[in-house]
Structure formats: structure tokens, C-alpha cells
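Novice: Position 218 of the sequence shown, counting from 1, maps to 218 under full-length UniProt numbering, and the rest follow consecutively.
For every residue, glycine included, the Cβ atom is placed at its ideal position computed from N, Cα and C.
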Amino acid sequence: MFDLDRWIEIFQTLSKNKLRTALSGFTIAFAILLFTLLFGVGNGLKHTFEKQFARDAINSVYIRSGKTTKPYKGLQSGRQIQFRNDDSKFMNDKFEDEIQFFSPNIQRFNVQAIYKGEQNRYTIRGVYPDYQPLESAVTQEGRFLTYLDIERRAKVIAIGRLVEEDLFGQLSALGKNITLDGISYKVIGVFNDPGGDNDERFIYAPFTTIQGIYKPNDEIDQFGLTFNQNLSVEKALAFSNLLTKMLKEKHNVDPRDQSAIRVFNYAERTKKTQAFMIALNIIILFIGIGTLVAGIIGISNIMVYIVKERTKELGIRKALGATPKSIIGMIMMESIFVTALAGYIGLLIGVFSLKALGKSLEGYGILNPSVETYVIIGATIVLIIAGTIAGYIPAKRAARIKPIVALNDE
Numbered sequence: 001m002f003d004l005d006r007w008i009e010i011f012q013t014l015s016k017n018k019l020r021t022a023l024s025g026f027t028i029a030f031a032i033l034l035f036t037l038l039f040g041v042g043n044g045l046k047h048t049f050e051k052q053f054a055r056d057a058i059n060s061v062y063i064r065s066g067k068t069t070k071p072y073k074g075l076q077s078g079r080q081i082q083f084r085n086d087d088s089k090f091m092n093d094k095f096e097d098e099i100q101f102f103s104p105n106i107q108r109f110n111v112q113a114i115y116k117g118e119q120n121r122y123t124i125r126g127v128y129p130d131y132q133p134l135e136s137a138v139t140q141e142g143r144f145l146t147y148l149d150i151e152r153r154a155k156v157i158a159i160g161r162l163v164e165e166d167l168f169g170q171l172s173a174l175g176k177n178i179t180l181d182g183i184s185y186k187v188i189g190v191f192n193d194p195g196g197d198n199d200e201r202f203i204y205a206p207f208t209t210i211q212g213i214y215k216p217n218d219e220i221d222q223f224g225l226t227f228n229q230n231l232s233v234e235k236a237l238a239f240s241n242l243l244t245k246m247l248k249e250k251h252n253v254d255p256r257d258q259s260a261i262r263v264f265n266y267a268e269r270t271k272k273t274q275a276f277m278i279a280l281n282i283i284i285l286f287i288g289i290g291t292l293v294a295g296i297i298g299i300s301n302i303m304v305y306i307v308k309e310r311t312k313e314l315g316i317r318k319a320l321g322a323t324p325k326s327i328i329g330m331i332m333m334e335s336i337f338v339t340a341l342a343g344y345i346g347l348l349i350g351v352f353s354l355k356a357l358g359k360s361l362e363g364y365g366i367l368n369p370s371v372e373t374y375v376i377i378g379a380t381i382v383l384i385i386a387g388t389i390a391g392y393i394p395a396k397r398a399a400r401i402k403p404i405v406a407l408n409d410e
């Protein structure tokens, strides 16, 4: 039950002992502040990695060609490996169960795009509709490419959000025609990409259209695919290793040649990043727990000192009829109040500090540093419990002292 007289007495005691109260509060507030900042920075690092993964599907594989560095089967080194349409059929036939989405890719860099008086240069990609989930692109207006566009070799394009802003300003690009290298294409869709600005400056066109214009000999620049999500990381890596081996055999490449055919499997990056994130979480948790333990020790030491300092006062209270229960209750209420108030202040300072430093920390690879509310509330509750225990133990000991002994304490 709320006892107004008790609370008035507590506030009077705290106001008469400002330094003692300030030291107690500072220890608690600093512990929560440091805890909040540490977890906020840790979450910022996790957000950075999550954004990097958002650039492409985490189960994606990209296959690129290069030049051979070793002679093989009578063929000299320095031979350029060229992918063609039959490589698409080869991979889909051999790995039908492992492949989820698949798209060949032709890229043209620095293509001049013109709409009325506006112009700029972008990268255009000739792809299949399956390429959209590989890039995690989200349609904002209109639609993405379809297989009917592929079949008809349609001169249609889906453009990134920033391409629309560059060429059309505040107007919608949907249904408008853009000239790319002198050829007119109709805009059928606008997309955004969680990968960021660079990924929103691409233009996608039907693969058959771009191949017919720029690669008349059925040439392909690279392939993108996603593997079946039911595959474990180990099986996904085994799949890409077998795929690499079979492509090397098909193109007469030495199995030890690492440059001629390069396969980038995101499963390997996922495996390394998951291990890093687990280690990062353990480190942050360890440091956070250490911070709380330091705060608990600080609270405990201060409470022992406070009770010791108030021995005479407690003796007078007992001489005037105060019961041990009332003395213990008073000290514990003081401890809980100071711990809760200081913890809340430390929490507010920590949260506002993270918001204020958010933009400046991005330059250090820490994106959107923040901390979940339940984590900080949990840490504050732990400190409140610690403060309660820290106040109870010395208070119980002090409540047992006889008034005459307490009054004679020096």
C-alpha cells in the first residue's frame, strides 16, 4: 500500500545526502548507458551485414567466365571461355532438382539513355524473369519482365527507381519510351532494390532482345541462379563445386584453373557470415553481462557504504520504536527508487545517443545502431533486482544491531 509519509521521508533522506544519492545513481545510469551503447553498436553491425545480404538472394550463385591460365588437352593457356545458349540447357538438364531460379545475363555498360531533354548513362541487363528474385528487386510500379516478352523479343524495359528520378523527375515513367543507344524501349515497370542506390540504377530488358542486338552469335556474359532452399549449406557448396567441375569439363578447362570459370556461391559467404555473427553476438553478450556485473558490484558496494554510514541514524530510529521490518523496507525502497530512476535516465541517454550518432557511425560500417526495448528493459530490471538485493542484505544486518551499539558507532 502507498505510504505517503514513508515516501516523504525517503525524499528527505535523499535530498539531505545529495552526493551519496548522485554517486549511486551515476553508477547505475552509466551501467545502463554503456550496456545500451554496446548493444546498439552490435545491432548496427548486424544491420550492415543484413543490408549486404539484401543485395542478392542468400541462396544465389553467379557464374562468370574468364581466360584460361593453364594449357589443357593440347589447348594453350590464355584462351577466353565464352558461354553460349547451350550452356543454359546443359546446366538446367544436369541440375534440374538443385536449381530453383535460373537466368542467363548479358550486360552492356555505359549505355546512353535519353528521354526528351534528359539523358544519362546506365548499365542495361538482358535477363529472364527469374532474375528478379536473384536481385531481390521489388516492383514499385507496373511489372517486371515476363516469358511472353522473352518469346516476342519485345523492346520493353523495367527500370530502377533512381533511373526514373533521373530522367522523369516527379513524373511516372510507366508507359513512356526511353531511347537506349538509339533504340526505343517502352517502360513497363519501375523497381526498387534493398541493395541500395547502385542497384536502383540498372535497366532490365528481355534477354532475347538484348542478345539479338548485341550478341548475334548466341553469346552470354554470365549466369545467375538460385539453388533449392531445402539444400543445407554443405549440400549447396557441394552442388556449386560439382557445377564448376562439369562446366570445366564441357569447356576443356584444367580442373586446377581458378580463372577460366568462376562460380560465386553465396552459401559460402552465408556460412562465414553466420559464424561471424554468432561470434559477434557472444562477444557483445559477454561485454554486456560484464557491464551489468560491474554495475551490480558498484551498487552493492555503495549500498554497504550507505548502510554503514547510517548506523547511528538507524540506532536512533530503533530507540524511538522503529521495527527491523520498517528499517529494512525503508532502505530497500530507497534502493529500488534510485536504481529504477537512474536506470531509466541511463536508458534515455543511451537511446538518444544512438539516434544522434546514427548517421556519423555509418561511415564506420555501423548502420542504424539501435537496441530492442525488451533488452534494455530486461537489463534495467536485472539492475533493479540487484539493487534490491544489494540494499536488503546490509539493511537486514543493520536492523539486527542493538540501539546502544548503533549509537556508539564511530
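When we look at the beta-carbon of F352 and count the other beta-carbons within 10 Å, is it buried (16 or more) or exposed?
Specialist: Exposed, because fewer than 16 other Cβ atoms sit within 10 Å of the Cβ of F352.
Novice: Is G224 helix, strand or coil when you go by DSSP?
Specialist: The answer is strand: DSSP assigns G224 an E or B state.
Novice: Mapping the DSSP letters down to three states, classify S15 as helix, strand or coil.
Specialist: S15: helix per DSSP, three-state reduction.
Novice: From G142 to K186, what does the alpha carbon distance come to, in whole angstroms?
Specialist: Cα-Cα distance, rounded: 12 angstroms.
Novice: Please identify the residue among T69, I106, L367, F83 whose C-alpha is closest to the C-alpha of H47.
Specialist: Comparing Cα positions, the closest option is L367.
Novice: Based on Cα-Cα distance, which residue from R201, F26, N192, V371 lies nearest to T139?
Specialist: It is N192.
Novice: Quick one: Cα of M1 to Cα of I336, how far?
Specialist: A caution first: M1 carries a pLDDT of 45, below 50, which makes its placement in the model unreliable, though a value can still be read off. Going from the Cα of M1 to the Cα of I336 covers about 16 angstroms.
Novice: In the DSSP assignment, find the alpha helix (DSSP H) that holds K359 and state where it starts and stops.
Specialist: Segment 324-361, the alpha helix (DSSP H) holding K359.
Novice: When the distance is taken between beta carbons, is D130 closer than 8 angstroms to S103?
Specialist: Going by C-beta atoms, S103 is nearer than 8 angstroms to D130.
Novice: Quick check on L19: buried or exposed, where buried means 16 or more other Cβ atoms within 10 Å of its Cβ?
Specialist: Exposed: under 16 other Cβ atoms inside 10 Å.
Novice: What does the alpha-carbon distance come out to for the pair L280 and I289?
Specialist: The straight-line gap from Cα to Cα measures roughly 14 angstroms.
Novice: For N192, report the span of its alpha helix (DSSP H) as first-last.
Specialist: Premise fails: N192 lies in the beta strand (DSSP E), 183-192, not in any alpha helix (DSSP H).
Novice: Taking the alpha carbon of T21 as the reference point, which residue from P369, V338, V61 has its own alpha carbon closest?
Specialist: When each option's Cα is compared against that of T21, the closest is V338.
Novice: Please identify the residue among R152, T179, E164 whose C-alpha is closest to the C-alpha of S172.
Specialist: That would be E164, whose Cα lies nearest to the Cα of S172.
Novice: In the DSSP assignment, the beta strand (DSSP E) including A113 goes from what residue to what residue?
Specialist: Here the beta strand (DSSP E) through A113 covers 99-115.
Novice: Once DSSP output is grouped into helix, strand and coil, what is the label at M1?
Specialist: Low local confidence applies: a pLDDT of 45 at M1 is under 50, so the model's placement there is unreliable, with the coordinate-based value given in what follows. Correct three-state label for M1: coil.
Novice: What residues in its chain sit with their C-beta under 8 angstroms from that of S259, if we drop five residues either side in the sequence?
Specialist: Hits under 8 angstroms: G66, K67, T68, T69.
Novice: Which two residues bound the contiguous alpha helix (DSSP H) that contains N241?
Specialist: Unbroken alpha helix (DSSP H) run through N241: 233-250.
Novice: Drop a sphere of 10 angstroms on the beta-carbon of I178, count the other beta-carbons inside from all chains shown, and report buried for 16 or more, exposed for fewer.
Specialist: The residue in question, I178, is buried, as its Cβ has 16 or more Cβ neighbours within 10 Å.
Novice: To the nearest whole angstrom, what separates the beta carbons of E200 and L162, a pair I think is in contact under 8 angstroms?
Specialist: That belief holds up - the Cβ atoms of E200 and L162 are roughly 4 angstroms apart, short of 8 angstroms.
Novice: May I have a chain-ordered list of the alpha helix (DSSP H) segments no shorter than 4 residues that lie completely inside the region 16-92?
Specialist: Correct list: 18-54.
Novice: Kindly indicate which three-state DSSP category G196 falls into: helix, strand or coil?
Specialist: Coil, per DSSP.
Novice: For Q82 and F95, I'd like the C-alpha separation in whole angstroms.
Specialist: So the two alpha carbons sit approximately 21 angstroms from each other.
Novice: Based on the DSSP output, what are the partners of P394 in its beta bridges?
Specialist: Paired residue(s): none; P394 is not in a bridge.
Novice: Measure the CB-CB distance between K271 and V233 and report whether it falls below 8 angstroms.
Specialist: Against a cut-off of 8 angstroms, the Cβ pair of V233 and K271 comes out as a contact.
Novice: Quick check on T108: buried or exposed, where buried means 16 or more other Cβ atoms within 10 Å of its Cβ?
Specialist: The residue you asked about is not Thr; residue 108 is Arg in the sequence shown. So R108 counts as buried.
Novice: From this set, Y122, I58, N105, E334, which residue's C-alpha is nearest V111's C-alpha?
Specialist: Residue Y122 is the option with its Cα nearest to V111.
Novice: Spell out the partners DSSP gives T179 in its beta bridges.
Specialist: Partner(s): I114, S184.
Novice: Using DSSP's beta-bridge definition, name the partner residues of E219.
Specialist: In the DSSP output, where bridge partners are listed per residue, E219 has R84.
Novice: Please report the distance separating the alpha-carbon of F26 from that of S360.
Specialist: Spanning the two alpha carbons is a distance of roughly 27 angstroms.
Novice: Exposed or buried, which one is S184 when buried takes at least 16 other CB atoms within 10 Å?
Specialist: Exposed, because fewer than 16 other Cβ atoms sit within 10 Å of the Cβ of S184.
Novice: With distances taken from CA atoms, which of I203, I188, L37, F39 is nearest T146?
Specialist: Checked all of I203, I188, L37, F39; the closest Cα to T146 is I188.
Novice: List the residues that DSSP assigns as beta-bridge partners of Q274.
Specialist: DSSP lists no partner for Q274.
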